[in-house]
Amino acid sequence: MASFRFRLEASLRLAEQALEAAQQVFAQEVQYWQTLVKICAIQQERFNTAQEGQRDAGRHRPEELGMWQIFVLEQLRELRQGEEERLEQERVMENARCMLLEAHREVEKFRRLKEKQAKAFQLAESQKEQKILDETGQILHWHQQIKIS
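Okay, structure coming up:
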């Protein structure tokens, strides 16, 4: 009996390699995004602390108020910059996710095609075997009829 050979096996392997690469890229982008989220949280804490210092200086140490205002503005600038980086990374991460989904679809397309072709091959082989068995049965029956007559 012949064995099934998928003619697009090389394409399937390439698609699987592309899927693995897309998974790695997506994982790296997610990891970087998580890092940026943590950095933004830390910067938010620094900004909040600076605002508290500014309020405290305004109430108790007016001579330090100008220095605290400059510090608060710098912390706010860094916070906004971090938020912009995080938002940009979310766009990059979303793009990587789309590429990953597309690579996954491509692999699944080849796998379904392979499965469909394998089933069709098995059906054709079964039909060939059944035809051979039917012919063998007819020949045996014909030989028995000849012996009886």
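Just so we're aligned: 100 in my numbering is position 112 of the sequence shown, and the numbers increase by one with no gaps anywhere.
From the three backbone atoms N, C-alpha and C, an ideal C-beta is built for every residue, glycine too.
Let me know the secondary structure DSSP gives residue i once reduced to three states.
{"i": "alanine -10", "result": "coil"}
{"i": "arginine 34", "result": "helix"}
{"i": "arginine 49", "result": "coil"}
{"i": "leucine 24", "result": "helix"}
{"i": "leucine -4", "result": "coil"}
Can you tell me which of the options puts its alpha carbon nearest to the alpha carbon of residue i?
{"i": "arginine 85", "options": "Ala15, Ala3 and Glu117", "result": "Ala15"}
{"i": "valine 80", "options": "Glu4, Lys135 and Ala10", "result": "Ala10"}
{"i": "leucine -4", "options": "Leu53, Leu88, Glu51 and Ala106", "result": "Ala106"}
{"i": "glutamine 5", "options": "Glu82, Phe98, Glu17 and Val60", "result": "Phe98"}
{"i": "alanine -10", "options": "Phe109, Val60, Glu66 and Pro50", "result": "Phe109"}
{"i": "leucine 24", "options": "Glu76, Glu103, His129 and Gly125", "result": "Glu76"}
{"i": "asparagine 36", "options": "Ala45, Arg49 and Val60", "result": "Val60"}
{"i": "valine 13", "options": "Ala(-2), Glu73, Met87 and Arg47", "result": "Met87"}
{"i": "glutamine 19", "options": "Arg74, Leu121 and Ile134", "result": "Arg74"}
Rounded to whole angstroms, how far is the Cβ of residue i from the Cβ of residue j, which I believe are closer than 8 Å?
{"i": "tryptophan 56", "j": "alanine 38", "result": "7 Å"}
{"i": "glutamate 66", "j": "glutamine 31", "result": "6 Å"}
{"i": "lysine 102", "j": "phenylalanine -6", "result": "5 Å"}
Give a yes or no on whether the C-beta atoms belonging to residue i and residue j are separated by under 7 Å.
{"i": "glycine 70", "j": "cysteine 28", "result": "yes"}
{"i": "glutamate 82", "j": "alanine 3", "result": "no"}
{"i": "arginine 43", "j": "glutamine 63", "result": "no"}
{"i": "alanine 91", "j": "leucine 0", "result": "no"}
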